[in-house]
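Here the protein sequences line up with chains A and B, keeping their order.
For the first sequence, my numbering gives the first residue as 1, with consecutive numbering after it.
For the second sequence, my numbering gives the first residue as 1001, with consecutive numbering after it.
Before any comments, here is the structure.
2 protein chains.
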Amino acid sequence: MALGKDYAHQQCSIARALEVVGERWTLLVVRDAFYGVRRYNDFLVHLGIPRAVLATRLQSLTEAGIMEKRRYQESPPREEYVLTDSGKALWPVVCTLGGWGRNHLPSTRPTRLFLHAACGTELNAYGTCPACSVPVPPEDIEMRPGDGFDRNTDNPVSRALLAPRRLLMPLEVDRV
Amino acid sequence: MALGKDYAHQQCSIARALEVVGERWTLLVVRDAFYGVRRYNDFLVHLGIPRAVLATRLQSLTEAGIMEKRRYQESPPREEYVLTDSGKALWPVVCTLGGWGRNHLPSTRPTRLFLHAACGTELNAYGTCPACSVPVPPEDIEMRPGDGFDRNTDNPVSRALLAPRRLLMPLEVDRV
């Protein structure tokens, strides 16, 4: 369902942002990119997303300047998708959305914890560090599995996410 | 497109939050509720949303415990929709999304400014006050029209939003 074309919708920055990222899969692709997922197949395996939908979402994210495609191997040519600066700036949105889900949806045990790496304090619902009173950029965040994380998962990407890690660091997936 | 049903999707708090609010109209209805819009017709007029879509979104927001229906007049019976505490907790999501749109989408002049009412400082991209270093709840935010706001709008809800106002205060729409 497209939004209306009148002035109020086009100019409001919230409405315009939703035009670009207001779709569940889109923000889940962005979330995975913060977790360090970069390769098409890893997104596919981790999200359980239909191939055609993933391809379309990666293309629109690239066109919108949120992700960029980078050649990481020449022969055979292989590409990965990484967040641009504009994409990294979506962190507060992803973070606050997760905080709301954790605190306001029934029976969600946290699958992941987000800590200010400098002091080890868990971020609050605004994505800021309550101990240091600073907004924490994704580079300074350590992610760890929480109580709700299924440690017996056989999803190779989920398994790679079992170890504590900095956000945005490329994820090494053990492909057995 | 429904998300997959496997564990990773159902348990991640970001994915679960997107199941509930990950649709453009849904978050725009929530945004309008923060602006003080409460009545079905005001949502309709301000959003330019098809009637059937608005009715469905209000119903699912009510079922999800994000909004509640309140009788404000007995004869004839009239109801309004207001944010619950769980709904008000979505403020950081709406706020960070708007901040991203303002800073990272081309040529968006701000239609609305969000200030910490206590000190008059504009909120940062995390929805916190840079002067006071505190996350600011919606009750403590003053909203004012920005440079990009069309002051000549003939939309009655947009006109009502021309005056500076606290978030969540019921909006009085001049119905001429």
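Note that beta-carbon positions come from the ideal geometry of N, C-alpha and C, so glycine has one too.
From a predicted model like this one, the values you see are computed outputs, not experimental measurements.
**OP:** Please work out which residues of its chain come closer than 8 Å, Cβ to Cβ, to asparagine 1044 of chain B, disregarding the five sequence neighbours upstream and downstream, and give them in chain order.
**Re:** The question names asparagine, but residue 1044 of chain B in the sequence shown is leucine. The answer, listed in chain order, is Arg1051 and Leu1054.
Original post:
alanine 33 of chain A versus chain B: which residues are under 7 Å apart at the beta carbon?
Top reply: Near alanine 33 of chain A there are no residues of chain B at all, since even the closest Cβ is about 12 Å away, more than 7 Å.
**OP:** Might you give, ordered along the chain, the residues of its own chain that have their beta carbon closer than 8 Å to the beta carbon of serine 1133 of chain B, omitting 5 neighbours on each side?
**Re:** So the list is empty, once near-sequence residues are dropped.
Original post:
At a Cβ threshold of 8 Å, is glutamine 1059 of chain B touching chain A?
Top reply: no
Subject >> Whole runs of the beta strand (DSSP E) within the region 1095–1142 of chain B, excluding any shorter than 3 residues >> reply: 1112–1116
Subject >> Residue range of the beta strand (DSSP E) that includes glutamate 1079 of chain B >> reply: 1078–1083
Original post:
Are the beta-carbon atoms of tryptophan 1091 of chain B and proline 1138 of chain B separated by less than 8 Å?
Top reply: yes
Original post:
For isoleucine 1014 of chain B, which residues in chain A fall below 8 Å Cβ to Cβ?
Top reply: Leu27, Leu28, Arg31, Val94, Leu97, Gly98 and Gly101
Original post:
Who are the neighbours of threonine 128 of chain A on chain B, taking C-beta pairs under 8 Å?
Top reply: Tyr1126, Thr1128 and Pro1135
Subject >> Distance, isoleucine 1066 of chain B Cα to arginine 1175 of chain B Cα >> reply: Taking the straight line from one Cα to the other gives about 27 Å.
Subject >> Nonlocal neighbours in the same chain, by C-beta distance under 8 Å from threonine 1062 of chain B, ignoring five residues either side >> reply: Glu1068, Lys1069 and Tyr1081
**OP:** Identify, in the order they occur along the chain, each residue of the same chain with its Cβ nearer than 8 Å to the Cβ of tryptophan 244 of chain A, setting aside the five sequence neighbours on each side.
**Re:** The structure shown does not extend to residue 244 of chain A, since chain A spans only 1 to 176, so no value can be given for it.
Subject >> Which residues DSSP lists as bridging glutamine 1073 of chain B, in chain order >> reply: Looking at the DSSP assignment, glutamine 1073 of chain B forms a beta bridge with B/Arg1078.
Original post:
When you compare each of B/Leu1105, B/Tyr1035 and B/Asp1085 to arginine 1166 of chain B by their alpha carbons, which one comes out closest?
Top reply: Measuring from the Cα of arginine 1166 of chain B, the nearest candidate turns out to be B/Tyr1035.
Original post:
Roughly how many whole angstroms lie between the Cα atoms of leucine 97 of chain A and tyrosine 126 of chain A?
Top reply: 9 Å
Original post:
Where does arginine 38 of chain A sit, in a helix, a strand or coil, going by DSSP?
Top reply: coil
Original post:
Under three-state DSSP, which class holds arginine 16 of chain A?
Top reply: Of the three classes helix, strand and coil, the one that applies to arginine 16 of chain A here is helix, per DSSP.
Subject >> Segment limits, alpha helix (DSSP H) that includes arginine 179 of chain A >> reply: Within the shown structure, residues of chain A are numbered from 1 to 176, placing residue 179 of chain A beyond reach of any answer.
Original post:
Under 7 Å Cβ-Cβ, which residues of chain A neighbour histidine 1104 of chain B?
Top reply: Ser86 and Ala89
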